[in-house]
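S.K.: Below you will find the structure I want to go over with you.
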Amino acid sequence: MSPLVQPGCSVEIRGLRTEPAEIERALREHPAVARAAVRATDGEPRRLIAFVAPSGDALSLRALRGHLADAKLVPDRAETAGVPEFVAMTGRGHESEAAWTADGLARALADLTRRRAPHTAPAGATERYLAQVWEDLLAVDAIGLDDDFFSLGGHSLLAVRVRIRLQRDLGLEVAPEVLFENSVLRDQADAVDRARSGEAAR
Amino acid sequence: MSQRSGTWLLREPSADAEARLFVMPYSGVGASVFRHWPERFGPLEVCPVQPPGRENRLGHTPCETFEQFGADCARALLPHTDRPYAVFGHCMGALLAHALVTGLTAQGAPAPRRLFVSSSRVPHWPPERRYRMPAPGATGIYHPSMTDDQLREQVQRVSRLLGQGDLHPELVPMALRVLRADLRMCFGYRPAAAAPVGCPVTAISWQDDSDVRPEEMTHWSECGPLGTHTLPGGKWTVLDATAPLAEVIERDFRREEPDVQRRMTV
Numbered sequence: 204m205s206p207l208v209q210p211g212c213s214v215e216i217r218g219l220r221t222e223p224a225e226i227e228r229a230l231r232e233h234p235a236v237a238r239a240a241v242r243a244t245d246g247e248p249r250r251l252i253a254f255v256a257p258s259g260d261a262l263s264l265r266a267l268r269g270h271l272a273d274a275k276l277v278p279d280r281a282e283t284a285g286v287p288e289f290v291a292m293t294g295r296g297h298e299s300e301a302a303w304t305a306d307g308l309a310r311a312l313a314d315l316t317r318r319r320a321p322h323t324a325p326a327g328a329t330e331r332y333l334a335q336v337w338e339d340l341l342a343v344d345a346i347g348l349d350d351d352f353f354s355l356g357g358h359s360l361l362a363v364r365v366r367i368r369l370q371r372d373l374g375l376e377v378a379p380e381v382l383f384e385n386s387v388l389r390d391q392a393d394a395v396d397r398a399r400s401g402e403a404a405r
Numbered sequence: 002m003s004q005r006s007g008t009w010l011l012r013e014p015s016a017d018a019e020a021r022l023f024v025m026p027y028s029g030v031g032a033s034v035f036r037h038w039p040e041r042f043g044p045l046e047v048c049p050v051q052p053p054g055r056e057n058r059l060g061h062t063p064c065e066t067f068e069q070f071g072a073d074c075a076r077a078l079l080p081h082t083d084r085p086y087a088v089f090g091h092c093m094g095a096l097l098a099h100a101l102v103t104g105l106t107a108q109g110a111p112a113p114r115r116l117f118v119s120s121s122r123v124p125h126w127p128p129e130r131r132y133r134m135p136a137p138g139a140t141g142i143y144h145p146s147m148t149d150d151q152l153r154e155q156v157q158r159v160s161r162l163l164g165q166g167d168l169h170p171e172l173v174p175m176a177l178r179v180l181r182a183d184l185r186m187c188f189g190y191r192p193a194a195a196a197p198v199g200c201p202v203t204a205i206s207w208q209d210d211s212d213v214r215p216e217e218m219t220h221w222s223e224c225g226p227l228g229t230h231t232l233p234g235g236k237w238t239v240l241d242a243t244a245p246l247a248e249v250i251e252r253d254f255r256r257e258e259p260d261v262q263r264r265m266t267v
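Top to bottom, those sequences are chains L and G. Per the numbering used here: the first sequence ends with 405, consecutive numbering throughout. Per the numbering used here: the second sequence ends with 267, consecutive numbering throughout.
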């Protein structure tokens, strides 16, 4: 478990100076956020982590990033520079005070980390598209090519929603079974590409 | 297929966990059914087990017998028994948990600190005694003599009870396929005798469970020294990991053996 520190007034994250306290304040003001804390990892490279508890059912990380960009706290349309990583505090017990102590937050970050595979960034168009769909449904950002939909908290109803998004966005029919069997992002992108090029999607 | 896909544990266990709780799914569902459970109960890190043929292991050949499940699952989990651990199973999951523990000890693993079983009759009763046809109004009770429509109705009732509305129509055929395979496995299971697990057993009953009654669960004493609890709620309250359930799991796991255990047995 890597320790977290309360960042100073200004820190450099992925090549860009950011104001963690300002980011935390802006996140707290967002109507979809019940509680927020921004911390930095100790050691290099320094990572900025935004822990957010949703006020309702849905939490769109995309909307939160847009909100930070509107407030000029992160660069508009930035890929990663200066943008915090998000940890959605949605699990059981996350409303307790203990969950928001330095130890509790470090634990939440570790719990999310062990659900992920070693990170390889999505590169292809389908991979990046699916990573965004997964992020919308799972409230997990920076999804990597080797991440598994079910390990990140997905379940069968959410898999059906991936299918509905594919229908809506790409006009593509993919059976739920194909999404289950290809639950790793890299495999799912291949399956979608095969379906698009008219091959059997299996 | 990527290397990561299709492992027995839904997520990687932490290297720094004090203790582990392996959690079994039940008939017709996969490991994600425990998504509302916390990450840990006290020292126990929750490790949901994903049997082949479900969710992200849909493409893997399902186990056909409990003996096969116990041996295969034990082989996969053996490296993770390097610290204190316990196993939890509800309904069919209780039989899977029991099979895993016997499989692990047969392969030389240290015995778990405790086996937790919830709403399940014992494995060594023959299927005719272990299972019933659902009573009128029952939810999530299955029997091989039921038609697909009847099975679907039971699955829908569980889904509605859990506040998820009706099961999405596209998921019904898949759910029924998994359920039929599980029913074949359960009704073909006829162990010759009670298999002791080499550790104490906690049997959990639910006050409003019309299927399995607390007195039936006392027979788990034939598998190990028994502690019993009857908790508020019905058969599916288990999925919410209510405070009384969390307390039973943490307290019984920490319980010193064997003196205190004997006092607790009713």
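Backbone N, C-alpha and C fix where the C-beta goes; we use that ideal spot for every residue, glycine too. This one's a predicted model, so the numbers in the text were calculated from it and none came from an experiment.
(1) Touching or not, the segment 196-213 of chain G and the segment 61-76 of chain G, by the rule of three or more beta carbon pairs under 8 Å?
(2) Please classify L:A301: does DSSP put it in a helix, a strand, or coil?
(3) Alpha helix (DSSP H) containing G:G94: first to last residue?
(4) Can you confirm whether the segment 370-381 of chain L touches the segment 339-350 of chain L when touching is taken to mean that 3 or more C-beta pairs between the two stretches lie within less than 8 Å?
(5) State the beta-bridge partners of L:S205 as determined by DSSP.
(6) Using CA coordinates, which residue listed in G:A16, G:T231, G:R21 and G:S28 is at the minimum distance from G:D183?
(7) Nearest by alpha-carbon distance to L:A193: which of L:L219, L:R238, L:H297 and L:F289 is it?
(8) Using the beta-carbon of each residue, which ones in chain L are nearer than 7 Å to G:G60?
(9) Closer than 7 Å, Cβ to any Cβ of chain G: which residues of the segment 305-339 of chain L, in chain order?
(10) CA-CA distance, G:T266 and L:G259?
(11) Which chain L residues sit within Cβ distance under 7 Å of G:R12?
(12) I'd like the span of the alpha helix (DSSP H) that includes L:E288, first residue to last.
(13) Counting only the same chain and skipping the five closest in sequence on each side, list residues whose C-beta sits under 7 Å from that of G:L152.
(14) Just verifying my parser: in three-state terms, what is the DSSP assignment at L:L276?
(15) Could you compute how far the alpha carbon of L:N385 sits from the alpha carbon of L:Q391?
(16) Whose CA, out of G:R12, G:E154, G:E251 and G:L105, lies closest to the CA of G:A75?
(17) Check for me: the beta strand (DSSP E) holding G:F117 runs from which residue to which?
(18) Starting from L:I216, trace the beta strand (DSSP E) both ways and give me its first and last residue.
(19) With DSSP run on the structure shown, which of helix, strand or coil describes G:Y86?
(20) Tell me which residue opens and which closes the beta strand (DSSP E) that L:S359 is part of.
(21) With distances taken Cα to Cα, identify the nearest neighbour of G:P170 among G:R185, G:E154, G:E46 and G:G71.
M.R.: Taking the structure as given:
(1) no
(2) As a working note, residue 301 of chain L is residue 98 in the first sequence. Correct three-state label for L:A301: helix.
(3) Here residue 94 of chain G refers to the residue found at position 93 of the second sequence. Residues M93 to A107.
(4) no
(5) Here residue 205 of chain L refers to the residue found at position 2 of the first sequence. According to DSSP, L:S205 bridges with nothing at all.
(6) Numbered from 1 along the second sequence, position 182 holds the residue referred to as residue 183 of chain G. Ranking G:A16, G:T231, G:R21 and G:S28 by Cα distance to G:D183 puts G:S28 first.
(7) The structure shown does not extend to residue 193 of chain L, since chain L is modelled only from 204 through 405, so no value can be given for it.
(8) Here residue 60 of chain G refers to the residue found at position 59 of the second sequence. Ordered by position in chain L, the residues that pass the 7 Å Cβ test against G:G60 are E384.
(9) A313, D314, R317, R318 and A320
(10) Against the second sequence, residue 266 of chain G aligns to sequence position 265. Against the first sequence, residue 259 of chain L aligns to sequence position 56. In this prediction, G:T266 has a pLDDT of 46, which is less than 50 and means its spatial position is unreliable; nothing more can be read from the coordinates.
(11) Here the question's residue 12 of chain G lines up with position 11 in the second sequence. Chain L residues near G:R12: R317, R318 and S354.
(12) For the purposes of this step, residue 288 of chain L is taken as the residue at position 85 of the first sequence. First-last for L:E288: E288 to A291, but that is the beta strand (DSSP E), not the alpha helix (DSSP H).
(13) Stepping through the second sequence from its first residue, residue 152 of chain G is reached at position 151. Here the set comprises Y143, L177 and L180.
(14) The sequence position of residue 276 of chain L within the first sequence is 73, counting from 1. Looking at L:L276 - three-state DSSP - the assignment turns out to be coil, as it is neither helix nor strand.
(15) To locate residue 385 of chain L, count along the first sequence from 1; it is residue 182. To locate residue 391 of chain L, count along the first sequence from 1; it is residue 188. When rounded, the distance between both Cα atoms is 5 Å.
(16) Taking the second sequence and counting its residues from 1, the one referred to as residue 75 of chain G is at position 74. Closest option to G:A75, Cα to Cα, is G:L105.
(17) Sequence index remark: in the second sequence, residue 117 of chain G carries index 116 (1-based). Per DSSP, G:F117 belongs to the beta strand (DSSP E) from R115 to S119.
(18) Start at 1 with the first residue of the first sequence, and residue 216 of chain L comes out as number 13. Looking at the DSSP string, the run of the beta strand (DSSP E) that includes L:I216 is V214 to I216.
(19) Within the second sequence, residue 86 of chain G is the residue found at index 85, counting from 1. Strand, per DSSP.
(20) For this step, residue 359 of chain L is matched to residue 156 along the first sequence. Premise fails: L:S359 lies in the alpha helix (DSSP H), S359 to L373, not in any beta strand (DSSP E).
(21) As a working note, residue 170 of chain G is residue 169 in the second sequence. Of G:R185, G:E154, G:E46 and G:G71, the residue nearest in Cα terms is G:E154.
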